[in-house]
Amino acid sequence: MTVFRNARIVDAAGERLGDVLVEGGLVVSVAEGGFPALPGSGGMLEIIDAAGRVLMPSFVDLHAHFRDPGFPEKETIETGLAAAVRGGYTAVNLMANTNPPCSDMKTIRYVREKAERTGLATVHQCATITEGMKGEGCGHISGLSGVRFLSDDGRGVADALALYRGMLAARDAGMVVIEHAESSEFSKIDMRLAEDSMTARDIELCAATGCPLHIAHVSTKGSAALVALGKSRGLLLTCEATPHHLALTDSTSYRVNPPLRTAEDIEALVAAIESGTIDCISTDHAPHTAGDKADGAPGISGIETAFAICYTVLVRSGRIGLPRLSELMSLGPARIWGLNRGLVKPGFEAELVLVDTGIESRVDPGDFASKGKNTPFAGMGFFGRIDLTMHGGRIVYDSKKEKP
Ligand code: DOR
């Protein structure tokens, strides 16, 4: 049994001051204004003084790369999950561009078992849309079990007919397709057209197949408008934005895919967050070695900095309230995933994070638990320090117990 006392409790439903009691992996009661007396528990009650701090549902990341199997020099399941809980995440959906790619149950089970052994967070391993991520063939989909998401993230599925067939198979199996909407023909000459044209095509395939479609890392004004239009047609369509596409313009020269865009694009993404077009924020955590980064590998090691960046850029700036950020980082992605998470409410899982929003911390990649130290945010200050992360009612990260 654990009780958080005098917390500012924030979730997608709003905020209130009070105590939260956790038992058996669930939130069992929330007392606005606090419990008149602490529940007795035969000395087994852990009391956490949360005064002055925010207690929120822990975060759900629909998009991360842990590189395992295949690239242990970049990240492993263990280091990725250690980074996740430091960032306040206790549910992570892993992309399938591993080596071998996750196209079969043997590889998927390898990830599941490793993740399970850490006990740190809930992990879902995506399977590829096309077999071996080769861009065609989706016969492997019928052999998958317990898979919720399919994705060839890292690249888009260039062949429209291959994606159409993959989406029909995914729909029949009750899966969601996550598309990296980028047409490789245009990437070399026009990265904006590459995203916008493939987003338009993918939305038409969503309409034609009836397969639920989630567009990864929406980064342009044009693709945000296409998603808004698709949603107005009643399609089974969701999308995400990343912290780095919300925080940085192309005046920062840092290679990430899709690329950093203009101030006008950021304004359109924030407006899409305000209007509800964007369902969630995902990290696209993409760790690389210093050598690979120097050789041009795209990506940001972002799972440890995501909340502070979003809190600072979206909430402290006054664009959205903290409950909306909670919805974007917890309830929204939990709904897409199908998890009973995202609210601090009796009956919901005790997946919680305690945050100090008054503390500004400088990003020091040397301090990351991730093996990827690749970040354009090094040295920058952000508010919103993660103090404690709880998964299944157990504390899986406590900043006080870690090295300073
Ligand atoms: O920046 C990126 N890095 N974008 C992607 O889509 C793939 C990712 C990676 O795997 O490194």
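Quick note, the sequence shown lines up with residues 9 to 412 if you use our numbering.
Glycine included, every Cβ here is placed at the ideal spot set by N, Cα and C.
Please read these numbers as outputs of a predicted model, since none were measured by experiment.
Residue 27 CB to nearest heavy atom of ligand 1 below 7 Å: At a cut-off of 7 Å, the beta-carbon of residue 27 does not count as near ligand 1: no heavy atom of the ligand is closer than that.
Residue 111 and residue 140 closer than 8 Å at C-beta: Contact annotation: residue 111 and residue 140 have beta-carbon atoms nearer than 8 Å.
Boundaries (first-last residue) of the alpha helix (DSSP H) holding residue 174: Membership of residue 174 in the alpha helix (DSSP H) is indicated by the continuous run 168–180.
Enclosing beta strand (DSSP E) for residue 26 [first to last residue]: According to the DSSP assignment, residue 26 belongs to the beta strand (DSSP E) that extends over 22–31.
Residue 186 - containing beta strand (DSSP E), residue span: Run containing residue 186: 184–187, per the beta strand (DSSP E) assignment.
Simplified DSSP assignment, three categories, for residue 68: Here residue 68 carries a strand assignment [DSSP, helix/strand/coil].
Nearest residue (CA-CA) to residue 342, options 95, 156, 90, 125: Comparing Cα-Cα distances from residue 342 to each of 95, 156, 90, 125, the minimum goes to 156.
Coarse secondary structure for residue 12, derived from DSSP in three states: Three-state result, residue 12: strand.
Residue 76 CB to nearest heavy atom of ligand 1 below 7 Å: Not so, every heavy atom of ligand 1 lies at least 7 Å from the Cβ.
Residue burial classification, residue 169 (beta-carbon count within 10 angstroms, cutoff 16): Label assigned to residue 169: exposed.
Any non-hydrogen atom of ligand 1 within 7 Å of residue 305 CB: Relative to ligand 1, the beta carbon of residue 305 is positioned inside 7 Å of a heavy atom.
Residue span of the alpha helix (DSSP H) that contains residue 57, given as start and end: Note, residue 57: premise wrong, no alpha helix (DSSP H); beta strand (DSSP E) at 54–57.
Alpha helix (DSSP H) segments (min. 4 residues) lying fully within the region 301–386: Listed in chain order, the complete alpha helix (DSSP H) runs (minimum 4 residues) inside the region 301–386 are 314–318, 330–334, 340–345.
Residue 389 versus 56, 406, 365, residue with shortest Cα-Cα distance: Measuring from the Cα of residue 389, the nearest candidate turns out to be 365.
Limits of the alpha helix (DSSP H) - the one that residue 204 falls within: Here the alpha helix (DSSP H) through residue 204 covers 199–217.
Rounded distance between the beta-carbons of residue 162 and residue 206, thought under 8 Å: Their Cβ separation, rounded to whole angstroms, is 14 Å, which puts residue 206 and residue 162 out of contact at 8 Å.
Contact belief for residue 222 with residue 186 at Cβ below 8 Å, rounded distance in angstroms: About 5 Å separates the two Cβ atoms, so the contact holds.
Residue 372 classed as buried or exposed, judged by whether at least 16 other C-beta atoms fall within 10 angstroms: Exposed, since its Cβ has fewer than 16 Cβ neighbours within 10 Å.
Alpha carbon of residue 67 to alpha carbon of residue 333, nearest angstrom: Approximately 10 Å between the Cα atoms of the pair.
Rounded distance between the beta-carbons of residue 307 and residue 264, thought under 8 Å: That belief holds up - the Cβ atoms of residue 264 and residue 307 are roughly 6 Å apart, short of 8 Å.
Where residue 130 falls, given that 16 or more other Cβ within 10 Å makes a residue buried: Buried, by the Cβ-count rule.
Pair within 8 Å by beta-carbon distance, residue 231 and residue 189: Taking C-beta atoms as the reference points, residue 231 and residue 189 count as a pair closer than 8 Å.
Identified DSSP bridge partners for residue 398: Residue 398 pairs with 360, 403.
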